[in-house]
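2 protein chains.
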Amino acid sequence: MFLYMSTPLFISLTFFTLVSATIHLHPLDPLNAMELTRVQTIVERSHPGSAFHYIGLAEPDKSSILSWLATSLNQSSTTPSPRQAMTIIRHHNQTHEIIVDLLTTTIIYNRVYTGFGYPSLSGEEVTMAMKLPLTYPPFVISVRKRGLKLDQVVCQPYPIGWFGVQGKREVKLACYYLEGTVNMHARPLEGISVVVDLEEMKISKYFDRVRVAVPKAEGTEYRLSQMRPSTVRATMVNRITVVQPDGPGFKIDGHIIRWANWNFHLGFDVRAGVIISLASIFDVQKQEFRRVLYKAYVSELFVPYMDPTEEWYYKTFFDAGEFGFGLCTLPLEPLRDCPANAVFIDAFYAGQDGKPLQIPNALCVFERYAGDVMWRHTEIGIPGEFIREVRPEVTLVVRMVSTVGNYDYIIDWEFKQSGSIVAKVGLSGILEVKGTAYTHTDKIKEEAFGTLLAENTLGIYHDHFLSYHIDLDIDGEANSFVKNKLVTKRVKDNSSLRKSYWTVEKVTARTESEANIKVGAEAAELVVVNPNKKTKLGNPIGYRLIPRSSPASSLLSDDDYPQIRGAFTKYDLWVTPYNNSEKWVAGLYADQSRGDDTIATWSERDREIENKDIVLWYTVGFHHVPSQEDFPVMPTLSGGFELRPTNFFEANPVLNSRVPMPVNWPNCTSPHK
Amino acid sequence: MFLYMSTPLFISLTFFTLVSATIHLHPLDPLNAMELTRVQTIVERSHPGSAFHYIGLAEPDKSSILSWLATSLNQSSTTPSPRQAMTIIRHHNQTHEIIVDLLTTTIIYNRVYTGFGYPSLSGEEVTMAMKLPLTYPPFVISVRKRGLKLDQVVCQPYPIGWFGVQGKREVKLACYYLEGTVNMHARPLEGISVVVDLEEMKISKYFDRVRVAVPKAEGTEYRLSQMRPSTVRATMVNRITVVQPDGPGFKIDGHIIRWANWNFHLGFDVRAGVIISLASIFDVQKQEFRRVLYKAYVSELFVPYMDPTEEWYYKTFFDAGEFGFGLCTLPLEPLRDCPANAVFIDAFYAGQDGKPLQIPNALCVFERYAGDVMWRHTEIGIPGEFIREVRPEVTLVVRMVSTVGNYDYIIDWEFKQSGSIVAKVGLSGILEVKGTAYTHTDKIKEEAFGTLLAENTLGIYHDHFLSYHIDLDIDGEANSFVKNKLVTKRVKDNSSLRKSYWTVEKVTARTESEANIKVGAEAAELVVVNPNKKTKLGNPIGYRLIPRSSPASSLLSDDDYPQIRGAFTKYDLWVTPYNNSEKWVAGLYADQSRGDDTIATWSERDREIENKDIVLWYTVGFHHVPSQEDFPVMPTLSGGFELRPTNFFEANPVLNSRVPMPVNWPNCTSPHK
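The listed protein sequences derive, respectively, from chains A and B. 366 is the number that the UniProt record's numbering gives to position 366 of the first sequence; each next residue is one higher, with no gaps. 45 is the number that the UniProt record's numbering gives to position 45 of the second sequence; each next residue is one higher, with no gaps.
Set out below in structure tokens:
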């Protein structure tokens, strides 16, 4: 399910002595390498020997961001932006929350966290933990008993979850076998439980409960260099690429991206990964930029497995909170992860020692032309006229890939000129499999909790729940969430030959509990409106959320421990009032959390959300029943949603968009030809 | 909602004297121009003066197709294919069904149809009907009374539906005003009812019930040539195109398309439009082509409007059955409707006189590279190793655009190397609007049945229901439909610290009634399996259907006339046993149909569907609440579904796919630069 960056292969320490001063930054810019270093220096001074589990931007409240923006716009010189860093450290076995002001270089907040749960694991401690079994005599014996080679064993750390009992800061290790493959995920050593105390950094519990056949290496390879090239025409396609003779059409100014009619801020956080902020769209009719989205990011990624047996029951992972969705962001491969016209952006985060680390090519930005049509019409109904107007669709995509151990999540944010923002996630990578004695389904006599994918290999049933934090500010902060229910009306008065029709009943959610929805349970449009503004015609100005894949809420019982922790999955959609401290839908301290800091607990207050600054939390969910096609590496499965303007504009905003000049592609030559 | 090709602007009569003889055709090939001519000649001889409402392939039964294929494969010379044409004519006010054998050039079947409903309208009769009001004195007076210019009026034909009373073969006309725009759809003349008797070709009823303001022309223009070019950067994007230095990678052999690991037959029918048949995928492991899809096409497109008032209640259109989804296929525009690397294909159909007409560029085929990832994994969990394997996703797309009057439907069939077939529909074009006195929503005091889109302009609520006929033949004809229900299990014996998990319960539908589903009502995978074959591991071989947009079944009452006719919309999914005569989900004679020949009536027999040759009928539905953005032309809204292999292959079928060689794009030059 997850795995840390255990090697510094592409992570070079960088000390940016030449980086522009903090004073010129946008208040939403992620901490740069110099700022990270500054935080480390200050905190290390007061708390020597700290382990840094998080350093990120202590994001100013929305009001101060907005007033900074207003001031910046009104003045020729840039106003210094508020810059504070939030850090979570472990120091003397305690969790500290420290806020450092980067302008005054002082600690302005410092408290010991005494609640439930622990901070995200650091990459370094995980790397250390992984190695412990290899020198732990009982484990060495277990490996020998199985007739395996110790130098071919690799272990991976797994958070232990919470099952009703207070736990120390521990992880479990699951171990895998390489020999003959690099796909260790496909070769688990079942039956062994290794618990590591992370504070002591030693194995605290060890069981070798049962011996299970290790799946074969055969058929698990996925490296091109090691594949027997296919001998059939069937697997080769002709070369194809995207060409922009004038170069990309977007501009990157610091962390601000400007493209076509969109402006937005592109951030990065070691926990959330990519963050889209302050997205505004230019309204041609009004001749001004209008606010759409204050912020959006993946707040949590919950992946519970559905096997209650001893070595698997606890596998109920919170990839953002336990590991860091940003920490697991790995460098994108040019020409394969992103097309030829992509521009790449690096990201920075702090290692366990607090010093800055760089992820090269962490994000890419590119214009996408997939051959689709933005709008069209052919008119042949007017005698003597033949009218055909077609506008090709070119969009802008921001991409990140987070590889949480075995799984790869391709996260796209796509901006359309027509005003839509589309969030997509592609699931690829390698399944978490379980070793089994079974070699054929005929032999399965009791519940197996998964699909037999190869001999001795079960793909365990599981879910992927990505909770998107979506803070729309439609023409301002004060917004309402409206269900446009489509309701059937009977014609009862014989006024029509029709007996029925449907119409729209607008139901505004007044408080949080009224907004919780299992999407699809009833026919309804889900709209965020600005109730204080209307179009010239009087329609409420809004954006609606359209699922692009089947909603999937949790099937776990409400009282089950992982469900208590991942309670956001009870509904596909929640709406809360904006609260700068409510960032992580399953809680800030997700490791061994107990569900006391989740959206379900926040929402118990049933706060007012009508005509307030509101945040939507939408879950893109997948119930994953593995199939043999997913083995040994899984073809991408996609899901997502669209945020689409609905009476936001007075009319089609791309009505008078120009068509890009054609490119005469046969003029291209290629050195490969 | 619809409109005929009223001008022959791009329709040139073609007489193919050089066309290869019928004997060399594939039995699923659409009738070519010579064959159409032959049918016309034969039928005209026996039924002089006939009006041809349909000529298409009388498709042989599946068994004879399959035996032809088997014979063809086993012999070096091609076996003559069975070639018969089905034609529906009106002759002496009667509907005749005639089957012509093209090899023997004889009529082998001829009966008068005496049931309910009428054949599809012909383009020519509609064109004639449209002109009638302009010389009809009461109408001329109505126009004059409204202070409008007669030469700026254009009328459009609308099927009258069925509302409990037997009707003659009539259409209603709705009329529109041009002056100052070519977007007549935006300027309805409300309050006038014109009924045309199509047999007499004269106006049979006329009412001028009420006068309503005609919406303004201002703001309705959508032609690039007439637009004031936008003066802001916001609407311009840089040039972008797709390049394939070695040309397209697919081969077109007659109507067979071969690309990567896919083979399929690409057909066209004047009623259905594009038809995909005999899609097989090469299994690298088995080194053979395996059957996936026998046939798929849009069987019906039902568009009911939700305004029960006098001039609108009847607007409940069956675009395929009343008009012809293929007949409304209009030529695609190179570089805009399809990318630069597309190959275009013409289509042929018969006019009302039975003579062949050509639709140039009716279909396009292209390889799509949208910058997406087919599969990927980065592995950093092995000490000393950094592994990153990424395969870009290149797919093959077949596209058609059908413009049914005001609306444009972009129909895509996308083939993925990983085995998926994705059906997409993009909705664009122009809304069907209603004239109204309202100029602001504040003035709306009673139910308006729509959204105020512009002054005096209501976008009436409506649905789009596209029923896809999907005849999967997974490794052969005998298949079963299985709901893989995901059901929550409680852990009751304290054997685990978990309290719950979900597992899969496979429920095979034994008869038709067991397969009807409102998709999303329960967590389930929808799978078609071949119960007679299993993978080596013993998993049932199958394909599953994954919605790519929210399912939307009908909200009309069961007893409402349009719902009786469009009963397929009661469920998102139906499954029937293969029956060559069950092609049109809402009936063969859709015009004024009474619902006695729909899938709901076929399914009343509750036939067995387990381990049978089965057909899925899945509806891609949209409840459309118009928004101002949809005016005066609508940005594309997309929906669809994916057919994805699930234990069809023994493993990931694109594991050893090669990566196309990179193209060094900066080497491109362009004459436009």
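Just so it is clear, CB atoms sit at the ideal spot from N, CA and C, and this is done for glycine as well. These figures come from a predicted structure and were not determined experimentally.
Beta-ladder partner(s) of residue i, from DSSP
{"i": "residue 508(B)", "result": "482(B)"}
{"i": "residue 358(A)", "result": "348(A)"}
{"i": "residue 517(B)", "result": "573(B)"}
{"i": "residue 94(A)", "result": "91(A)"}
{"i": "residue 497(A)", "result": "Looking at the DSSP assignment, residue 497(A) forms no beta bridge with any residue, so it has no partner."}
{"i": "residue 503(B)", "result": "487(B)"}
{"i": "residue 440(A)", "result": "Per DSSP, none; premise fails for residue 440(A)."}
{"i": "residue 400(B)", "result": "363(B) and 411(B)"}
Residues near residue i by beta carbon distance below 7 Å, same chain, minus five either side
{"i": "residue 21(A)", "result": "For residue 21(A), the predicted structure reports a pLDDT of 47, less than 50, and the residue's modelled location is therefore unreliable. A value from the coordinates is still provided. So the list is empty, once near-sequence residues are dropped."}
{"i": "residue 650(B)", "result": "285, 535 and 536"}
{"i": "residue 691(A)", "result": "Residue 691(A) is absent from the model: chain A starts at 1 and stops at 673."}
{"i": "residue 550(A)", "result": "none"}
{"i": "residue 642(B)", "result": "420, 422, 546 and 548"}
Continuous alpha helix (DSSP H) stretch holding residue i: start and end
{"i": "residue 602(A)", "result": "599-602"}
{"i": "residue 37(A)", "result": "33-46"}
{"i": "residue 127(B)", "result": "123-131"}
{"i": "residue 223(B)", "result": "Unbroken run through residue 223(B): none, as it is neither H nor E."}
{"i": "residue 245(B)", "result": "Run containing residue 245(B): none; DSSP gives neither H nor E here."}
{"i": "residue 561(A)", "result": "561-565"}
{"i": "residue 137(B)", "result": "137-145"}
Continuous beta strand (DSSP E) stretch holding residue i: start and end
{"i": "residue 268(A)", "result": "262-269"}
{"i": "residue 205(A)", "result": "202-208"}
{"i": "residue 285(B)", "result": "Note, residue 285(B): premise wrong, no beta strand (DSSP E); not H, not E."}
{"i": "residue 323(B)", "result": "From DSSP, residue 323(B) is part of no beta strand (DSSP E); its letter is neither H nor E."}
{"i": "residue 463(B)", "result": "462-472"}
{"i": "residue 379(A)", "result": "373-379"}
{"i": "residue 330(A)", "result": "Careful: residue 330(A) lies outside any beta strand (DSSP E) and carries neither H nor E."}
{"i": "residue 259(B)", "result": "256-259"}
{"i": "residue 640(A)", "result": "634-646"}
When the options are compared against residue i, the one with the closest alpha-carbon
{"i": "residue 44(A)", "options": "589(A), 89(A), 290(A) and 463(A)", "result": "89(A)"}
{"i": "residue 425(B)", "options": "188(B), 208(B), 297(B) and 541(B)", "result": "297(B)"}
{"i": "residue 515(B)", "options": "483(B), 530(B), 253(B) and 261(B)", "result": "483(B)"}
{"i": "residue 337(B)", "options": "377(A), 352(A) and 314(A)", "result": "377(A)"}
{"i": "residue 206(B)", "options": "311(B), 446(B) and 391(B)", "result": "311(B)"}
{"i": "residue 582(B)", "options": "393(B), 407(B) and 295(B)", "result": "295(B)"}
{"i": "residue 125(A)", "options": "269(A), 394(A), 108(A) and 159(A)", "result": "159(A)"}
{"i": "residue 474(A)", "options": "598(A), 329(A), 533(A) and 73(A)", "result": "533(A)"}
{"i": "residue 390(A)", "options": "105(B), 86(B), 40(B) and 633(B)", "result": "633(B)"}
Sequence-distant residues of the same chain with beta carbon closer than 6 Å to residue i, five excluded per side
{"i": "residue 293(B)", "result": "279 and 472"}
{"i": "residue 705(A)", "result": "An answer regarding residue 705(A) cannot be provided, because it is not within the stretch 1 to 673 covered by chain A."}
{"i": "residue 339(A)", "result": "242 and 366"}
{"i": "residue 523(A)", "result": "486"}
{"i": "residue 397(B)", "result": "366, 368, 412 and 414"}
Close beta carbons around residue i, own chain, < 8 Å, minus the five adjacent residues each side
{"i": "residue 264(B)", "result": "256, 257, 276, 277, 278, 279, 280, 293 and 415"}
{"i": "residue 180(A)", "result": "217 and 218"}
{"i": "residue 69(B)", "result": "278"}
(request) Give a yes or no on contact between the region 333-351 of chain B and the region 137-149 of chain B, applying the rule of three or more CB pairs nearer than 8 Å. (result) no
(request) Would you check if the region 161-172 of chain B and the region 552-571 of chain B touch, i.e. whether three or more CB-CB distances between them fall below 8 Å? (result) yes
(request) Examine the Cβ distances between the region 239-248 of chain B and the region 358-378 of chain A and report whether three or more of them are shorter than 8 Å. (result) yes
(request) Could you tell me whether the region 602-612 of chain B touches the region 572-586 of chain B, using the rule of 3 or more Cβ pairs below 8 Å? (result) yes
(message) Using 8 Å as the cut-off, can you tell me whether the region 48-59 of chain B makes contact with the region 23-39 of chain B, which would need three or more C-beta pairs spanning the two stretches below that distance?
(response) yes
(request) Count the CB pairs spanning the region 313-323 of chain A and the region 583-602 of chain A that are closer than 8 Å, and state whether there are at least three. (result) yes
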